[in-house]
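In mature numbering (1 follows the signal peptide of the UniProt record, and there is no 0), the protein residues as written are -24 to -1, 1 to 509.
Structure, as structure tokens:
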């Protein structure tokens, strides 16, 4: 029955919202020959027909300014990869939005704001998936399927490098669905580098194994969340999270939620799960490297998952509460050399390259964040293709909540985030790869409440307004019903008052005759009122 309801919801949403815009990587208006040759990505805002919405004070087209701080020795090349000094290989002019405006053409509001002029502040609450009701769970599954079956109208992905595009004169871009767009983004940030004609350099990653791990994924999840809000029209949608502390297994791997295991074929999902029909993409790193090609978003087979049947010598079990608490106790966000060999680093311990009981880096073990990827033993276990599994979202939302706890406990300033000498792409002022609009790593090294969201288990009402905000939001959505109920209630109260007044003037009757009818009337009235509401 639940599957039928979700299927109907998916069909309805696909028809209703198939033309909405989305967030991602290369904006369509910026992939023409003219845009690539001019290296300018400053699209028009439809609201006033001006570039970047300049006539409405939303933003202006500006030169991209880079801060060239020294980087670490992990990538010893210069000028060989399109992601270096992002996004200047492709564009050296982009929209710079003003005030609370955001987006590749300044059409959207910054995280934490909404309204036609982006002046209304708001704070959303991300829930633990087991604290969601059945309707919320079904809606989440339906939204995932909408994203998987909706072609992004605003964004495309490149299928070749800038050099393979003849420096922009021969564009190579294709359509992609909204869900896979974010799979591709995660792949592109972590893919290997093509060096020269025959060399592949794997010790490069713009989203992992270095300081940007936490803020990059924070930005990624916010964009993904914002994307779902836009394609569904549900501006109150938030990504749920999975609190995996002390879990004995994958308790979200059920057909009701993220998919159970196939009864007879190891590694596949149950046919009763929506996700059993999904095709994955960007999962064949060795093939791309051998062909010196980029993932082009085509299907590469079914989603794979085999939870618990992994190498237990690397990951004996899922993380414990005590291990998370130890990680939170570490005072240094990152330590030299700021890669996967860093000791006593909160980031490296959270990411899972350091022991979650000692803080000492250990390449033979996978802890905390990494342990979940290993434990699920399938599509999630490949760094570049891990976002194919929808569990990725719930897992990283919880990892983000741990990052949030650390920020609140230690209250670092942005100066704590490394300004220089981090691996390429991870310095504080480096623009996150491969996002357009542009944001630096340091801009998302701040508390979630300043970005318009919180977690249900971390939310601490600091004022009456904070406490009432979720309830006021719900009331805003049903105010028409509340007003109607008040009018009906007032009318019925007046009628009852008249009846009671008349009754009081009559000759008194025996007690049983006096009370019994009134009790029955009261019960009927209460029942009808509740059902009407």
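We put the CB at the ideal spot given by N, CA and C, even for glycine.
None of these values were measured; they are calculated from a predicted model.
- Contact between the region 271 to 291 and the region 344 to 354 is present, with at least three C-beta pairs closer than 8 Å.
- The Cβ atoms of residue 12 and residue 144 lie closer than 8 Å to each other.
- The alpha-carbon of residue 151 is positioned some 28 Å away from that of residue 39.
- Three or more Cβ pairs closer than 8 Å define a contact, and the region 339 to 351 meets that threshold against the region 283 to 303.
- Partner residues in the beta bridge of residue 36, as assigned by DSSP, are 72.
- Within its own chain, the residues whose Cβ lies closer than 6 Å to the Cβ of residue 393, once the five positions on either side in sequence are excluded, are 404, 418 and 421, listed in chain order.
- Looking only at 380, 62 and 184, the smallest Cα-Cα distance to residue 50 is reached by 184.
- Assignment of alpha helix (DSSP H) within the region 218 to 298, counting only whole runs of 4 or more residues, yields 261 to 267 in chain order.
- Closest in alpha carbon position to residue 65, among 17, 105, 90 and 71, is 17.
- Of the other Cβ atoms in all chains shown, 16 or more fall within 10 Å of the Cβ of residue 215; this residue is therefore buried.
- If you ignore the 5 residues before and after residue 252, its C-beta comes within less than 8 Å of the C-beta of 235, 238, 244, 245, 246, 278 and 279, all in its own chain and listed in chain order.
- Excluding the 5 residues flanking it on each side, residue 148 has same chain C-beta neighbours closer than 7 Å at 134, 135, 136, 140 and 141, in chain order.
- Residue pairing by DSSP places residue 62 opposite no residue, since no beta bridge is assigned to it.
- Restricted to the region 157 to 182, the beta strand (DSSP E) segments that are unbroken, complete and at least 3 residues in length are 169 to 171 and 175 to 177, listed in chain order.
- It is roughly 44 Å from the alpha-carbon of residue 99 to the alpha-carbon of residue 176.
- Nearest in C-alpha terms to residue 345, of all of 364, 295, 8 and 305, is 295.
- For residue 266 and residue 31, the gap between their C-alpha atoms comes out near 49 Å.
- For residue 191, there is no enclosing beta strand (DSSP E); the enclosing alpha helix (DSSP H) covers residues 189 to 208.
- Residue 389 is classed as exposed because its beta carbon has fewer than 16 other beta carbons within 10 Å across all chains shown.
- Burial check for residue 378: the Cβ neighbour count within 10 Å reaches 16 or more, so the residue is buried.
- For residue 367, the enclosing alpha helix (DSSP H) begins and ends at 367 to 386.
- Judged by pairs of C-beta atoms under 8 Å, the region 102 to 122 touches the region 201 to 211, as three or more such pairs exist.
- Between residue 105 and residue 435, the CB-CB gap reaches or exceeds 8 Å.
- 8 Å or more divides the Cβ of residue 219 from the Cβ of residue 411.
- Look at residue 314 here: in three-state DSSP terms it is coil, with no helix or strand label.
- Excluding its 5 nearest sequence neighbours in each direction, residue 370 has C-beta neighbours in its own chain below 8 Å: 105, 215, 216, 217, 218, 228 and 234, listed in chain order.
- Taking C-alpha positions only, residue 45 is separated from residue 395 by approximately 7 Å.
- Around residue 242, the same chain offers 282 as residues with beta carbons nearer than 7 Å, after the five sequence neighbours per side are excluded.
- The C-alpha of residue 205 is placed about 38 Å away from the C-alpha of residue 318.
- Around the beta-carbon of residue 401, 16 or more other beta-carbon atoms lie within 10 Å, marking it buried.
- Residues of the same chain with a CB within less than 8 Å of the CB of residue 300, apart from the 5 flanking positions on each side, are 221, 332, 344 and 378 in chain order.
- For residue 78, the closest alpha carbon among the candidates 171, 21, 363 and 182 is that of 21.
- Classified as exposed, residue 255 has fewer than 16 neighbouring CB atoms from the shown chains inside 10 Å of its CB.
- Between the beta-carbon of residue 407 and that of residue 414 there is about 5 Å, and that keeps the pair under the 8 Å contact cut.
- Membership of residue 407 in any beta strand (DSSP E) is not indicated, and neither H nor E is assigned to it by DSSP.
- Counting the other CB atoms within 10 Å of its CB gives residue 342 a total of 16 or more, which places it among the buried residues.
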